[in-house]
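> Below: one structure in structure tokens.
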Amino acid sequence: MTGLPLAWGTVGDEHTRPYPADDLVPGPVVAMTRAVAVSAPAALTWRWVCQTRLAPHSYDLVDNLGRRSPQELTPGAEVLRVGDRMAIVYELTDLEDGHSWSGVSTPSASRLLGRFATTYAVEPDGPDGRSCRLVCRLVVTRRGRAAWLTTRLLAWGDLVMMRRQLLNLKGLAERDARR
Numbered sequence: 240m241t242g243l244p245l246a247w248g249t250v251g252d253e254h255t256r257p258y259p260a261d262d263l264v265p266g267p268v269v270a271m272t273r274a275v276a277v278s279a280p281a282a283l284t285w286r287w288v289c290q291t292r293l294a295p296h297s298y299d300l301v302d303n304l305g306r307r308s309p310q311e312l313t314p315g316a317e318v319l320r321v322g323d324r325m326a327i328v329y330e331l332t333d334l335e336d337g338h339s340w341s342g343v344s345t346p347s348a349s350r351l352l353g354r355f356a357t358t359y360a361v362e363p364d365g366p367d368g369r370s371c372r373l374v375c376r377l378v379v380t381r382r383g384r385a386a387w388l389t390t391r392l393l394a395w396g397d398l399v400m401m402r403r404q405l406l407n408l409k410g411l412a413e414r415d416a417r418r
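If you're matching positions, the sequence shown starts at 240 in our numbering and goes up one per residue.
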């Protein structure tokens, strides 16, 4: 299945190609991919993706305890290290600086939803270097008694939250590119 709720905004092979998160959760798994086109250079968009170390940039009332995610780049936030907490629920496990970060769910998040992992990737798009694709892959285990229900609920919930996050990051990167 490649449509909603497992894929949103993807083009070409973005939903089917491998990402580092695919290897971070033992099978069987469900993979969800969300993507957006960004009219900003990949390097600038990457800096905004790194801001998820500080806040999720989604629906702040829901996933940031009502605190507003930063609307300006925080100096130094793009310096990531394995072990960093990302987007509240991930521990950074893999980093390709300037391109992607991957992480696994923290123990508390895993207790609630089962083990899951993600990769955020910024892919240059177009010959002029002024645009890119922002892709997020979420991989969720299908193990356990409640896995069928959990993965379906998570797929729809993640679609709503991730869509907002990607659109927010896109908007912030595009705004900064126009400055």
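Glycine is no exception: its CB is placed at the ideal position from the N, C-alpha and C atoms.
Among all the DSSP beta bridges, which residues are the ones paired with R376?
Residue numbering aside, residue 376 sits at position 137 when the sequence shown is read from its first letter. Looking at the DSSP assignment, R376 forms a beta bridge with T272 and T358.
> Out of T291, G305 and A270, point me to the one whose CA is closest to A316's CA.
One-based indexing of the sequence shown puts residue 316 at position 77. Ranking T291, G305 and A270 by Cα distance to A316 puts T291 first.
> Need the endpoints of the beta strand (DSSP E) that D261 sits in, please.
Within the sequence shown, numbered from 1, the residue matching residue 261 stands at position 22. Taken as a continuous stretch (DSSP letters only), D261 belongs to no beta strand (DSSP E), as it is neither H nor E.
> Which residues mark the beginning and the end of the beta strand (DSSP E) in which S339 is found?
By one-based count along the sequence shown, residue 339 stands at place 100. Run containing S339: S339 to S344, per the beta strand (DSSP E) assignment.
> Where in the stretch 265 to 330 do unbroken runs of the alpha helix (DSSP H), each at least 4 residues long, occur, reported from the N-terminal end onward?
Here the runs fully enclosed are 281 to 289 and 299 to 302.
> Taking the Cβ atom as the reference point for each residue, do C371 and T249 lie within a distance shorter than 7 Å?
Working through the sequence shown from its first residue, we reach residue 371 at position 132. Working through the sequence shown from its first residue, we reach residue 249 at position 10. Taking 7 Å as the Cβ cut-off, C371 and T249 do not qualify as a contacting pair.
> With three or more C-beta pairs closer than 8 Å as the rule, is the stretch 247 to 265 touching the stretch 376 to 386?
Taking 8 Å as the limit for Cβ pairs, the verdict is that the stretch 247 to 265 does touch the stretch 376 to 386.
> Are A328 and A348 closer than 7 Å when you measure CB to CB?
For this step, residue 328 is matched to residue 89 along the sequence shown. For this step, residue 348 is matched to residue 109 along the sequence shown. Here residue 328 turns out to be Val, not Ala, going by the sequence shown. Cβ distance < 7 Å, so V328 and A348 count as in contact.
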